[in-house]
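Engineer: For the sequence shown, the numbering used here gives the first residue as 907, with consecutive numbering after it.
Here a beta-carbon is modelled for each residue, glycine too, at the ideal position from N, C-alpha and C.
Below is the structure I would like to discuss, written out as structure tokens.
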Amino acid sequence: MSPPTQPKKSRRSWYFLIARWAAAALAIGLLLYFLPIAPLRAALARVPFARFVAVLLVYLLALAGATAKWHVVVNSAGAHLKFAASAQCYTGGLFGDLFLPSVIGGDVARLAVGISRSPRPAAVITGNLADRLLDLAAQLTLIGIGVMLLPGSLPVALRAPAGHVLFVGALALLVLILLLWVLVRPLVRGRSIRFRRRLAQARHAIRMIARRPHRLLLGWMLGITVQGTYVLLTALLGISCGLRLPLCVWLVAWPLAKIAAVVPLTQGGIGVREAALVVLLAPFGAPAPLVLATGIVFEGVIIAAAMLAGWTAVLLGKAAIPTFSPGRSKCWKKLPGISCWPWSLASLFMYMVLAAQFESFTYPFIIMLTLPLTIPFALFSLWITGRALSLWSALGMFLLLGIVKKNGILQVDYTNCLRAAGMPVGEAILEANRVHLRPILMTTLSIIAGLVPVAIGIGAGSEQRATIAVTIIGGQTLCLLLTLLVVSVAYSYLAELEAVPWIEWATRLASRARSSLRPTDND
């Protein structure tokens, strides 16, 4: 490319950037023009700054989980990226969303950094595509859960059209998959040898991903956790703005609005998400100014998180991250394939035991929802202290999960006791938090005080013991208040599931089964 051509191309890209930001401003401006300003201003004034900061912190934590998911999926394709490099790629992509078209624009920056850091560029591209597909699968899963719970909240006049729309969407998706399957061979036929070599590298990456279905399952579960956190945060901001809707409505509307933002009309999908939310929530009687206020506040959270992600990417690019020695690296590479199934089985058995004790399917989910939140804080404590991820730190994470789960059990059990005494859900949650905050703090402080001498590391074999102590101290300290918040919010929303007809039927069926198994007085 000649030198005079490069400034023209750069100038043209700046023109497109300005045009996309102008389109985003125009979309927001049109919404503000057609909607009354006074209710919108009043709704925005209801959101305190402390709640905005709390939502931002939880959003950043969810982004840490999304980074871990991207790291697992990309390395499953053979990218051989360290976690620091994966974090730099993902945070750089979040920052790129502010300057590149639609929500897919960040993938360009993410791939640019990943290709420069990985010895296998095709694996980075294939893994990033697989990560996007897992995000889509997670969003469709949330939509499916919301659709199953939705009939009680959907107006009667809209139930038949909604079923028709879902049928047409599923049929269109099936036709698209069949069309791609039929056209893939004609598109490849007659291509150059260079193109075929790149295609062979992509096929090799796809085969590597297909050989590790447990990592895809882990990525899908992380995707559901991350996307579900986004939905809960949006619903929480909606409550702050005065918009109270059932959780099942948000489970359907929010993923659809995010999918609509993929269309490259505005910068980062700004304005498109808000307009889609206004349209999707209108049939449920949601006032448009309150919906727009919720979308604007959450858009502010996204932009603030993207700016922080940009600074994180710069710092990760300059920081010198300690690495494994070759022998420990070989041993650690064997661990993920072995340790994934024990983690999955442990989670399943934990859920079964809690479900049997609480005699409910929803309360164990509330307790276990706090467990993934502890992992990023434990990893952050290891990174701050300059310690490597090892078998001892994994053991510390297992112990940390048990400690955090105990706090959730205390909250949920006492809340159930208060509700059984006739107290409303909201008052029961607040009273349970007030009563159990002191014992939870006492337990946390006593654990930290007991592990501080171990974390200092004195004596023979202190390095291994110190790693366990640092993992527990950092994870327990940083996730304490967040755990209390998540349990309360999740309980308030998932308590609505008790009114769903098919869950009431399942609960009655389980109660009959338990009563039939109990011995009678005549036995």
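Give every residue of the same chain whose Cβ lies closer than 8 angstroms to the Cβ of R1023, excluding the five residues on either side of it in the sequence, and list them in chain order.
Structural biologist: Contacts found: L987, A991, Q994, C995.
Engineer: Are the beta-carbon atoms belonging to V1315 and I1353 less than 8 angstroms from one another?
Structural biologist: Correcting the residue identity first, residue 1315 is Ile in this sequence and not Val. No.
Engineer: For the stretch 1121 to 1193, which segments carrying the alpha helix (DSSP H) assignment without a break, of at least 4 residues, lie completely within its bounds, in sequence order?
Structural biologist: The qualifying runs are 1153 to 1166, 1178 to 1187.
Engineer: Looking at I1031: is its Cβ nearer than 8 angstroms to the Cβ of L1017?
Structural biologist: Cβ atoms of I1031 and L1017: closer than 8 angstroms.
Engineer: For the stretch 955 to 974 against the stretch 1255 to 1273, are there 3 or more C-beta pairs whose distance is under 8 angstroms?
Structural biologist: With a cut-off of 8 angstroms, the stretch 1255 to 1273 and the stretch 955 to 974 do not count as touching, because too few Cβ pairs lie within range.
Engineer: According to DSSP, simplified to helix, strand and coil, what is L1347?
Structural biologist: The answer is helix: DSSP assigns L1347 an H, G or I state.
Engineer: Quick check on this structure: which residue in I1165, A1372, V1341 has the alpha carbon closest to the alpha carbon of V1358?
Structural biologist: Selected option, being the one with the closest Cα: A1372.
Engineer: Considering only residues of the same chain and omitting the five flanking positions on each side of A1210, which have a CB-CB separation below 8 angstroms?
Structural biologist: Closer than 8 angstroms at the Cβ level, and outside the excluded window around A1210, lie L962.
Engineer: Report, in whole angstroms, the separation of the C-beta atoms of G1012 and G1020, which I expect to be a contact under 8 angstroms.
Structural biologist: Between G1020 and G1012 the Cβ distance is about 12 angstroms, and since that is not below 8 angstroms, they are no contact.
Engineer: Residues in the same chain with beta-carbon distance under 7 angstroms from L1288, minus the five sequence neighbours each way, listed in chain order, please.
Structural biologist: Result list for L1288: L1295, S1299, V1376, T1377, in chain order.
Engineer: Three-state secondary structure (DSSP) at L1295?
Structural biologist: Of the three classes helix, strand and coil, the one that applies to L1295 here is coil, per DSSP.
Engineer: Rounded C-beta distance between L1138 and L1187? I'm assuming under 8 angstroms.
Structural biologist: Contact doesn't hold; Cβ gap of about 16 angstroms is too wide.
Engineer: Sorted by chain position, which residues of the same chain lie with C-beta nearer than 7 angstroms to W976's C-beta, five sequence neighbours on each side aside?
Structural biologist: Result list for W976: S992, Y996, D1037, in chain order.
Engineer: When DSSP labels each residue in this structure, what does T1218 get in the three-state scheme?
Structural biologist: Of the three classes helix, strand and coil, the one that applies to T1218 here is helix, per DSSP.
Engineer: Could you check the C-alpha separation between R1117 and L1162 for me, to the nearest Å?
Structural biologist: Cα to Cα, R1117 sits roughly 31 angstroms from L1162.
Engineer: Is it right to say W1408 is buried, meaning 16 or more other beta carbons lie within 10 angstroms of its own, or is it exposed?
Structural biologist: The predicted model places W1408 with a pLDDT of 47, which falls under 50 and marks its position as unreliable; any figure quoted below should be read in that light. So W1408 counts as exposed.
Engineer: Output yes or no for whether 8 angstroms exceeds the beta carbon distance between C1154 and L1196.
Structural biologist: Going by C-beta atoms, C1154 is not nearer than 8 angstroms to L1196.
Engineer: Is it right to say I1244 is buried, meaning 16 or more other beta carbons lie within 10 angstroms of its own, or is it exposed?
Structural biologist: Bear in mind that the predicted position of I1244 carries a pLDDT of just 44, short of 50, making it too unreliable to give a figure here.
Engineer: Return the first residue and the last residue of the alpha helix (DSSP H) that K975 is part of.
Structural biologist: Note, K975: alpha helix (DSSP H), 955 to 982.
Engineer: Could you check if R1121 is buried or exposed, using at least 16 other CB atoms within 10 Å of its CB as the buried criterion?
Structural biologist: By the neighbour-count rule (16 or more Cβ atoms within 10 Å), R1121 is buried.
Engineer: Residues in its own chain within less than 6 angstroms of A1029 by CB, not counting five upstream and five downstream?
Structural biologist: Answer for A1029: A983, G984, A985, A1111, listed in chain order.
Engineer: In its own chain, which residues sit with a C-beta less than 8 angstroms from the C-beta of L1324, not counting the 5 before and 5 after it?
Structural biologist: Same-chain partners within the cutoff: E1333, A1334, E1337, A1338.
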